[in-house]
Amino acid sequence: MAGGAADCQFWHRNLGIKCRLHELANKRRISVAGASKLLANILYSYRGMGLSVGTMIAGWDEQGPGLYYVDSEGGRLKGTRFSVGSGSPYAYGVLDNGYRFDLSVEEAAELARRAIYHATFRDGASGGVASVYHVGPNGWKKLSGDDVGELHYKYYPVEPTAVEQEMTEVSIA
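In terms of UniProt numbering, the sequence shown opens at residue 1 and continues consecutively.
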C-alpha cells in the first residue's frame with residue numbers, strides 16, 4: 001500500500017469487512033476481481049476529496065491468480081506485477097532487472113525484499129516494514145516482515161574505512 005497511513009489503514013479494514021460480509025451473504029468468497037472492483041467503486045465515490053491510497057489487491061480464486069492495482073480516484077488495472085507509491089520507480093528498476101516467470105518462491109521473495117529496500121533507501125517518503133507474502137491456490141502465507149533499516153546492512157554493505165580497520169586490528173591485539 002502507498003499513500004496516507006490513515007487512509008490506507010482505514011480502506012484496508014473497510015475492504016476486509018465488506019469482503020467478509022459478501023462471503024457471509026453469498027456463502028462463498030469474493031473473487032479477486034470482485035474485491036478490487038468493490039474497492040475501486042468505493043474510492044471512485046470519494047474522488048476529489050483528498051484521499052491518498054494506492055494499493056495492490058492480490059489473491060487466488062476460481063479463475064487462478066489475480067493481481068490488481070487500485071488508486072484513490074477509483075482507477076483499477078489488472079496486471080502481473082506492480083509497484084505502488086513514490087518509491088516505485090526504484091523498485092521497478094530492481095524488478096525489471098531481476099524478474100523472470102520461473103522464479104522460485106524463495107527467489108521471488110528475495111527479489112521483492114530487494115525491490116522494497118531500494119525503494120525505501122532512495123525515497124525519503126517510503127519506509128517501514130517490508131512484508132512479503134506468498135499467495136497461492138491454498139491461501140496466503142507471510143514469508144517475512146523485515147524492518148527496512150535492517151535490510152540496509154544486507155543489501156548495502158559498507159566496507160570499513162582504513163581508520164576503522166586499524167582500530168579493529170588494535171582492539172584485537
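The beta-carbon is built from N, C-alpha and C at its ideal position, and this holds for glycine as well. Quantities reported herein were computed from a predicted structural model and do not represent experimental measurements.
| said: Per DSSP, what are the beta-bridge partners of residue 217 in this structure? | reply: Beyond the ends of the chain as shown, which are 1 and 173, falls residue 217; an answer cannot be given.
| So which of D102, R81, V105, S104 has the shortest CA-CA distance to R94? | Counting from one through the sequence shown, the residue named residue 94 turns up at place 94. The sequence given here places Val at residue 94; Arg does not occur at that position. Ranking the options by Cα distance to V94, first place goes to R81.
| task | Return helix, strand or coil for Y68, following the three-state DSSP convention. | result | The count along the sequence shown starts at 1 and reaches residue 68 at position 68. In this structure, Y68 counts as strand in the three-state DSSP scheme.
| said: Using only the alpha-carbon positions, how far apart do G16 and K27 sit? | reply: Stepping through the sequence shown from its first residue, residue 16 is reached at position 16. Stepping through the sequence shown from its first residue, residue 27 is reached at position 27. Each residue's alpha carbon lies about 16 Å from the other.
| message | Assuming A2 and G54 are in contact, meaning their beta carbons sit under 8 Å apart, how far apart are those beta carbons, in whole angstroms? | response | In the sequence shown, residue 2 corresponds to position 2, counting from 1. In the sequence shown, residue 54 corresponds to position 54, counting from 1. Going by Cβ atoms, the distance from A2 to G54 rounds to 4 Å, so yes, they are a contact pair.
| What's the call for G87, buried or exposed, on a 16-neighbour Cβ count within 10 Å? | On the sequence shown, residue 87 is found 87 positions in, with the first residue counted as 1. The residue is buried, with at least 16 neighbouring Cβ atoms inside 10 Å.
| field | beta strand (DSSP E) runs wholly inside the segment 76-141, at least 3 long, in chain order | value | 76-78, 129-136
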